[in-house]
Ligand code: SF4
């Protein structure tokens, strides 16, 4: 029998182990969902981010982000929780996670829960445990805050159905960019099984939207599904990574692919690199991902077969423009929306504003400078009534910082 303080110490110990174990998963964000509170319940989701959970690189991730347990029967080599790891283990009961979530929520520490787990027994049993937490929060405690549940690949469709009914977002981790990578480092995980679970979720999201459009009461993971891909654990190139992302966005209709730079772990397998990839790599992948989703770029345009990794020095749009100097400068008074989106330094909002303003008059330098665009880049790639970059050929030397002034990305934890 525990004394109260003994019980609390146990809980705190578990929390420190299981929150730490969850920090490697970047596949959560609380945006994109609305859930109104009720008078007799607590909480609501208003689409705003929340915080108090931190990824290893210092990014603030806004949920109580924990594993139900870090015991796991699988042996994914890049994971500190693999069965062969000697990491300290812990397991929460369903009631403990429910209590922690409600206590933290009431104290305003968090606005939502991200719950994942190592695989205990099998996919179905693990999924049932995760669902039991969400069910208790929603049905016994009238909790209307945000819930993101990790879906275990291979779980029964009936369980996926229930998880989606209770959660705001579901995610199934693709883990590594290619089949070969998985075979090499995570032999228990099968790409077809992972994708099958994504397909199940995707179909139910569509059905639920169709039912809602017909006025039926339907709700299934309204914030969509996301995934996480670990970058830098294998030599797979950015070109292959972006191919996989494109597949996930188009075929699986995922809302977000999160890229997580591989973090070296103690006693790691010799096949794994001893150092994390440069932090700029993850950043460039997010920039490229953004260009694919919002700027009309095709993944294959952002790298070349000869140079299959994104440029560390220049952002992917500038690097693309420097490879295609014959397409510039573009006349901002005549170029199409698609063309304007390709000008380095111009964002989607800039382009929308330009298109509005040019309905009324020819765009001049003063109009461009009024927009908050990155003029140091844009000036070389566009023409306006009273601006022409001249005959000088645009080359990397225009944008490269002086060698001794080049910024160095430092770790937050140095
Ligand atoms: S399934 Fe693989 S990645 Fe997930 S906790 Fe287990 S060992 Fe880690």
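Residue numbers (this note's numbering): -18 to 395. Each residue gets a CB set at the ideal place from its N, CA and C atoms; glycine is no exception. Note that the structure is predicted; figures quoted are calculated from it, not measured.
Where does residue 380 sit, in a helix, a strand or coil, going by DSSP?
Looking up residue 380 in the chain shown gives position 399. The answer is coil: DSSP assigns residue 380 none of H, G, I, E or B.
Between 218, 223, 214, 260, which lies nearest to residue 243 when the distance is taken from Cα to Cα?
Residue 243 sits at position 262 when you count from the first residue of the chain shown. When only C-alpha atoms are compared, the closest one is 214.
Got a sec: does ligand 1 put a non-hydrogen atom nearer than 7 Å to the Cβ of residue 182?
Counting from 1 along the chain shown, the entry for residue 182 is found at position 201. False, no ligand heavy atom lies under 7 Å from that Cβ.
CB-CB under 6 Å to residue 364, same chain, minus the five flanking residues each way: which ones, in chain order?
The residue you call residue 364 lines up with position 383 of the chain shown. 310, 312, listed in sequence order.
Can you give me the start and stop residues for the beta strand (DSSP E) that residue 46 sits inside?
Here residue 46 refers to the residue found at position 65 when the chain shown is read from its first residue. Note, residue 46: beta strand (DSSP E), 45 to 48.
Buried or exposed (CB count within 10 angstroms, at least 16 for buried), residue 42:
The count along the chain shown starts at 1 and reaches residue 42 at position 61. The pLDDT assigned to residue 42 is 47, lower than 50, so where the model puts this residue is not dependable, and the model offers no usable value.
Which residues in the same chain have their Cβ closer than 7 Å to the Cβ of residue 404, if we skip the five residues on either side of it in sequence?
Since the first residue shown for the chain is -18 and the last is 395, residue 404 is missing from the structure and cannot be characterised.
Ordered along the chain, which non-local residues of its own chain (more than five positions away) have a Cβ less than 8 Å from that of residue 148?
Locating residue 148 in the chain shown gives position 167, counting from the first residue. For residue 148, same chain residues with a beta-carbon under 8 Å away, outside a window of 5 residues either side, are 115, 128, 129, 130, 202 in chain order.
Do you know offhand how far residue -7's Cα is from residue 93's?
Sequence index remark: in the chain shown, residue -7 carries index 12 (1-based). Sequence index remark: in the chain shown, residue 93 carries index 112 (1-based). About 19 Å.
Report buried or exposed for residue 374, applying the criterion of at least 16 other Cβ atoms within 10 angstroms of its Cβ.
Start at 1 with the first residue of the chain shown, and residue 374 comes out as number 393. That one is exposed.
The alpha helix (DSSP H) enclosing residue 141, as first and last residue numbers:
Walking along the chain shown from the start, residue 141 turns up at place 160. Residues 138 to 147.
With 16 as the cutoff for other CB atoms within 10 Å, does residue 285 come out buried or exposed?
Translated into the one-based positions of the chain shown, residue 285 becomes position 304. Taking all protein chains shown into account, residue 285 has fewer than 16 neighbouring C-beta atoms within 10 Å of its C-beta and is therefore exposed.
Measuring only the C-alpha atoms, how far is residue 81 from residue 272?
To locate residue 81, count along the chain shown from 1; it is residue 100. To locate residue 272, count along the chain shown from 1; it is residue 291. Answer to the nearest angstrom: the Cα atoms are 39 Å apart.
Note down the Cα distance separating residue 212 from residue 61, rounded to an integer number of angstroms.
Here residue 212 refers to the residue found at position 231 when the chain shown is read from its first residue. Here residue 61 refers to the residue found at position 80 when the chain shown is read from its first residue. Cα to Cα, residue 212 sits roughly 16 Å from residue 61.
In three-state terms, what does DSSP make of residue 324?
Residue numbering aside, residue 324 sits at position 343 when the chain shown is read from its first letter. DSSP places residue 324 in coil when its eight states are reduced to three.
How many whole angstroms separate the CB atoms of residue 0 and residue 51, which I take to be in contact at a CB cut-off of 8 Å?
Stepping through the chain shown from its first residue, residue 0 is reached at position 19. Stepping through the chain shown from its first residue, residue 51 is reached at position 70. About 10 Å separates the two Cβ atoms, so there is no contact after all.
Close beta carbons around residue 220, own chain, < 7 Å, minus the five adjacent residues each side
Numbered from 1 along the chain shown, position 239 holds the residue referred to as residue 220. For residue 220, where only same-chain residues beyond five positions count, the Cβ hits under 7 Å are 284, 289.
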